[in-house]
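Visitor:
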Amino acid sequence: MALAMNGGAAVMRGQWPQWPRVSESVLRSATEALVSGRWAVSGDWNGRQPLDRELGRRFAAYSGTNYCVPVDHGSSALVLALLSTGVKPGDEVIVPGLTWVATASAVARIGAVPVLVDIDRETLCISVEAVVRAITPRTRAVIAVHLYSAMADVERLERICAEHGIVFLEDCAQAYGAQWDGRPAGSFGRAAAFSTQQGKALTSGEGGLFVTSDDEVRDRAEMYRGDGRRYMSASPQNSRSQLVEFAEVQGWNMHLSEVQAAILLDGVAELPQLDEKRRSAAAYLDRAMEASLAEWFAPVRAHEKNAVRGYYHYALRLRLDAWGGIPVAQICEALSAELGLFSHVTYPPLSHHPLLDPRRLWGDAERWDLTRFPLPVAELAQRSTILIHHSALLADEDELDSIPEALRKLVDHQGELRAA
Ligand SMILES: *Cc1c(COP(=O)(O)O)cnc(C)c1O
Numbered sequence: 017m018a019l020a021m022n023g024g025a026a027v028m029r030g031q032w033p034q035w036p037r038v039s040e041s042v043l044r045s046a047t048e049a050l051v052s053g054r055w056a057v058s059g060d061w062n063g064r065q066p067l068d069r070e071l072g073r074r075f076a077a078y079s080g081t082n083y084c085v086p087v088d089h090g091s092s093a094l095v096l097a098l099l100s101t102g103v104k105p106g107d108e109v110i111v112p113g114l115t116w117v118a119t120a121s122a123v124a125r126i127g128a129v130p131v132l133v134d135i136d137r138e139t140l141c142i143s144v145e146a147v148v149r150a151i152t153p154r155t156r157a158v159i160a161v162h163l164y165s166a167m168a169d170v171e172r173l174e175r176i177c178a179e180h181g182i183v184f185l186e187d188c189a190q191a192y193g194a195q196w197d198g199r200p201a202g203s204f205g206r207a208a209a210f211s212t213q214q215g216k217a218l219t220s221g222e223g224g225l226f227v228t229s230d231d232e233v234r235d236r237a238e239m240y241r242g243d244g245r246r247y248m249s250a251s252p253q254n255s256r257s258q259l260v261e262f263a264e265v266q267g268w269n270m271h272l273s274e275v276q277a278a279i280l281l282d283g284v285a286e287l288p289q290l291d292e293k294r295r296s297a298a299a300y301l302d303r304a305m306e307a308s309l310a311e312w313f314a315p316v317r318a319h320e321k322n323a324v325r326g327y328y329h330y331a332l333r334l335r336l337d338a339w340g341g342i343p344v345a346q347i348c349e350a351l352s353a354e355l356g357l358f359s360h361v362t363y364p365p366l367s368h369h370p371l372l373d374p375r376r377l378w379g380d381a382e383r384w385d386l387t388r389f390p391l392p393v394a395e396l397a398q399r400s401t402i403l404i405h406h407s408a409l410l411a412d413e414d415e416l417d418s419i420p421e422a423l424r425k426l427v428d429h430q431g432e433l434r435a436a
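Mapping to our numbering: the sequence shown position 18 is 34, numbers consecutive.
#1: I want to know whether the segment 72-91 touches the segment 290-302 - three or more CB-CB distances under 8 Å.
#2: Please classify Asn-62: does DSSP put it in a helix, a strand, or coil?
#3: Measure the Cβ-Cβ separation of Arg-256 and Asp-134 and say whether it is below 8 Å.
#4: Just confirm the distance between the C-beta atoms of Arg-236 and Val-87, as a whole number of angstroms; I'd bet it's less than 8 Å.
#5: Which ranges would you report for the beta strand (DSSP E) in the segment 146-211 if only whole runs of at least 3 residues count?
#6: So, does the segment 330-345 touch the segment 398-408, judging by three or more C-beta pairs under 8 Å?
#7: Find the nearest neighbour of Thr-81 within the set Gly-205, Leu-309 and Val-51, judged by alpha-carbon distance.
#8: Once DSSP output is grouped into helix, strand and coil, what is the label at Pro-343?
#9: Enumerated in chain order, which unbroken segments of the beta strand (DSSP E) with a length of 3 residues or greater are wholly contained in the segment 271-353?
#10: Looking at His-369 and ligand 1, is the gap between the Cβ and the nearest heavy atom below 7 Å?
#11: Nearest to Ser-296 by CA position, among Asp-412, Leu-67 and Ser-45, is which residue?
#12: Can you determine whether any heavy atom of ligand 1 sits closer than 7 Å to the C-beta of Gly-224, and answer yes or no?
#13: Using a 10 Å radius around the Cβ and a threshold of 16 neighbouring Cβ atoms, would you call Asn-22 buried or exposed?
#14: So, helix, strand or coil for Phe-389, using DSSP?
#15: Our contact map puts Ala-150 next to Val-131 with C-beta atoms below 8 Å; I'd like the distance itself, whole angstroms only.
#16: Would DSSP call His-368 helix, strand or coil?
#17: Using 7 Å as the cut-off, classify the Cβ of Lys-321 as near or not near the heavy atoms of ligand 1, replying yes or no.
#18: What alpha helix (DSSP H) runs, 4 residues minimum, are completely inside the segment 100-151?
#19: What three-state label does DSSP hand Thr-81 in the structure shown?
#20: Cutting at 8 Å between CB atoms, please list the residues of its own chain near Phe-262, excluding the five before and the five after it.
#21: So, for Ala-353: in the same chain, excluding its five sequence neighbours on each side, which residues have a beta-carbon less than 8 Å away from its beta-carbon?
#22: I need the straight-line Cα distance from Pro-370 to Arg-44, nearest angstrom please.
#23: Using a Cβ-Cβ cut-off of 7 Å (strictly less than) and excluding sequence neighbours within five positions of Ile-279, which residues of its own chain qualify?
#24: Does the distance from the CB of Ala-93 to the CB of Phe-184 come in under 8 Å?
#25: Since Gly-224 sits in a beta bridge, which residues does DSSP pair it with?
#26: Give the C-beta separation of Ser-165 and Val-316 to the nearest angstrom, bearing in mind that I take them to be a contact with Cβ-Cβ under 8 Å.
#27: Does the distance from the C-beta atom of Gly-106 to that of Phe-389 stay below 8 Å?
#28: Closest to Glu-415 by C-alpha separation, out of Ala-323, Leu-301 and Pro-365, would be which residue?
#29: Give the DSSP-derived three-state secondary structure of His-429 in the structure shown.
#30: Is Ser-407 a contact residue of ligand 1, with contact defined as CB to any heavy atom under 7 Å?
#31: What does Ala-56 pair with, by DSSP beta-bridge criteria?
#32: Taking the CB atoms as reference points, tell me whether Ala-285 and Trp-312 lie closer together than 8 Å.
#33: Excluding five sequence neighbours on each side, which residues of the same chain lie with their C-beta closer than 7 Å to the C-beta of Gln-65?
#34: Between which two residues does the alpha helix (DSSP H) containing Ser-45 stretch?
#35: Kindly indicate which residue of Val-129, Leu-287 and Arg-137 has the alpha-carbon position closest to the one of Ile-159.
Given below as structure tokens:
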């Protein structure tokens, strides 16, 4: 039987779960928000507190923090994290060389300078040793990204940042459901950012969630997201809006709409159960790979304290020696065809990202030149990592079995892959 990419029958015959999910209850929640007449936090008072507030409370509880400020994008949550913890233009902010570009472009957006460091071989998250080496007197913050399915070593990073008087921040866009030693991702940094963009494990199409346990940071974040206004929970008397001008910080409009808040409230309610389903499916795949594919593939491993993982992608590594130079992109394409599902290779290292080209950024070109940061481990990850979207982990075992079966088929058809 030929590979599906060459016209053979695909391994997967069934259907993968639809993502995003459209349940009866989310339809009801979104409709209720629409007919309520209040589509925005800044909209007219209608006798009810906005859903934005309720979402903030629920998500703070989920993430083990005191406060959550919902925002329009995960990128905005990152910008708020930087601004509300006092990062200023010209400050250096350490970010991992392997992440979605938004982690570094948020730093650039406020005029601070991203400093790229390499990743850990096992977890693919920021390397603690590399962070220590990159700290200078101009370093103001470190952003740890919990990438794909593993957490960065938050415990050591938090301690190192405290010792150096540096702000520790978490990019949790991919870390729903993850815990370190029983504590949720997002509760370690002075502030943390989640994204609810369409692909993420909690979604409203676009959106983001900023979290912190610090009163002052929360207060500033709320003003930054609301054009300098604070939210007043009392029903307004002479103003029809619940937002009151303070302008202690400048701010922009980064509000999430009430319809998005309704969708997220519904999503947060089912999130713990979906987190658990993804986790057990991933463990099932880990076992299947261990049992018969270990010579060719290895799942990405997490630190032992991160035993409770949160899955954005199920990430697996090729054992490069076993594949005799067949490029990962080709293996990925063949796998996608077998599964009827897009699997991806990992992001390219940020050192050569076109959005971070110094000619496009302001300030002093030399400080901005990110090509000066060597990222050998991130480069190796790019040559060897395959990603399967978390929605596949919501499938039943019959469908899940097609993943190790497809991987086995690729192993058995290496000649065909090599000839392609
Ligand atoms: C998705 C993502 C973001 C950005 O979130 P948006 O909602 O798209 O702005 C930031 N960091 C990481 C790691 C992400 O995966």
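Note that CB positions come from ideal geometry on N, CA and C, so glycine has one too.
Guide: Walking through what the data contain:
#1: no
#2: Working through the sequence shown from its first residue, we reach residue 62 at position 46. In the structure shown, Asn-62 sits in coil (DSSP, three-state: anything other than H, G, I, E or B).
#3: Counted from its first residue, the sequence shown places residue 256 at position 240. Counted from its first residue, the sequence shown places residue 134 at position 118. For Arg-256 and Asp-134, no; Cβs fall outside 8 Å.
#4: Here the question's residue 236 lines up with position 220 in the sequence shown. Here the question's residue 87 lines up with position 71 in the sequence shown. Not quite, the Cβ-Cβ distance comes to about 13 Å (not below 8 Å), so this is no contact.
#5: 155-161, 183-187 and 207-211
#6: yes
#7: Counting from one through the sequence shown, the residue named residue 81 turns up at place 65. Closest by alpha carbon: Gly-205.
#8: On the sequence shown, residue 343 is found 327 positions in, with the first residue counted as 1. Pro-343 falls in the coil class under three-state DSSP.
#9: 313-315 and 329-334
#10: Here residue 369 corresponds to residue number 353 of the sequence shown, with the count starting at 1. Because no heavy atom of ligand 1 lies under 7 Å away, the Cβ of His-369 does not count as near it: no.
#11: Taking the sequence shown and counting its residues from 1, the one referred to as residue 296 is at position 280. Of Asp-412, Leu-67 and Ser-45, the residue nearest in Cα terms is Asp-412.
#12: Translated into positions along the sequence shown, residue 224 becomes position 208. Checking every heavy atom of ligand 1 against the Cβ of Gly-224, one is found closer than 7 Å.
#13: Start at 1 with the first residue of the sequence shown, and residue 22 comes out as number 6. Classification for Asn-22: exposed.
#14: Locating residue 389 in the sequence shown gives position 373, where the first residue counts as 1. If DSSP states are grouped into helix, strand and coil, Phe-389 belongs with coil.
#15: The count along the sequence shown starts at 1 and reaches residue 150 at position 134. The count along the sequence shown starts at 1 and reaches residue 131 at position 115. About 5 Å; that satisfies the 8 Å criterion.
#16: Position 352 of the sequence shown, counted from the start, is the residue given in the question as residue 368. Three-state DSSP puts His-368 in a helix.
#17: On the sequence shown, residue 321 is found 305 positions in, with the first residue counted as 1. No, ligand 1 has no heavy atom inside 7 Å of this Cβ.
#18: 118-125 and 144-150
#19: Mapped onto the sequence shown, residue 81 falls at position 65. Three-state DSSP puts Thr-81 in coil, outside helix and strand.
#20: For this step, residue 262 is matched to residue 246 along the sequence shown. Result list for Phe-262: Met-239, Gly-244, Arg-245 and Arg-246, in chain order.
#21: Here residue 353 refers to the residue found at position 337 when the sequence shown is read from its first residue. Cβ neighbours of Ala-353 beyond the five flanking positions: Leu-19, Ala-20, Met-21 and Ala-26.
#22: Within the sequence shown, residue 370 is the residue found at index 354, counting from 1. Within the sequence shown, residue 44 is the residue found at index 28, counting from 1. Roughly 42 Å between the two C-alpha positions.
#23: The count along the sequence shown starts at 1 and reaches residue 279 at position 263. Val-42, Ser-45, Ala-46 and Ser-220, listed in sequence order.
#24: Here residue 93 corresponds to residue number 77 of the sequence shown, with the count starting at 1. Here residue 184 corresponds to residue number 168 of the sequence shown, with the count starting at 1. Contact flag unset, no.
#25: Here residue 224 refers to the residue found at position 208 when the sequence shown is read from its first residue. Paired residues: Val-87 and Ser-211.
#26: Counted from its first residue, the sequence shown places residue 165 at position 149. Counted from its first residue, the sequence shown places residue 316 at position 300. Indeed, because the Cβ distance is near 6 Å, the residues count as touching under 8 Å.
#27: As a first step, residue 106 must be located in the sequence shown, where it is residue number 90. As a first step, residue 389 must be located in the sequence shown, where it is residue number 373. Result no, Cβ atoms of Gly-106 and Phe-389 do not sit closer than 8 Å.
#28: Translated into the one-based positions of the sequence shown, residue 415 becomes position 399. Out of Ala-323, Leu-301 and Pro-365, Leu-301 has the C-alpha closest to the C-alpha of Glu-415.
#29: Here residue 429 refers to the residue found at position 413 of the sequence shown. Three-state DSSP puts His-429 in coil, outside helix and strand.
#30: If you number the sequence shown from 1, residue 407 lands on position 391. No, Cβ of Ser-407 sits at least 7 Å from all heavy atoms of ligand 1.
#31: On the sequence shown, position 40 is the one that residue 56 refers to. Per DSSP, Ser-273.
#32: Taking the sequence shown and counting its residues from 1, the one referred to as residue 285 is at position 269. Taking the sequence shown and counting its residues from 1, the one referred to as residue 312 is at position 296. No, they are not a contact pair.
#33: For the purposes of this step, residue 65 is taken as the residue at position 49 of the sequence shown. Contacts found: Ser-249.
#34: Within the sequence shown, the letter at position 29 stands for residue 45. Where Ser-45 is concerned, the enclosing alpha helix (DSSP H) stretches over 40-51.
#35: For this step, residue 159 is matched to residue 143 along the sequence shown. With distances taken between Cα atoms, Ile-159 lies closest to Val-129.
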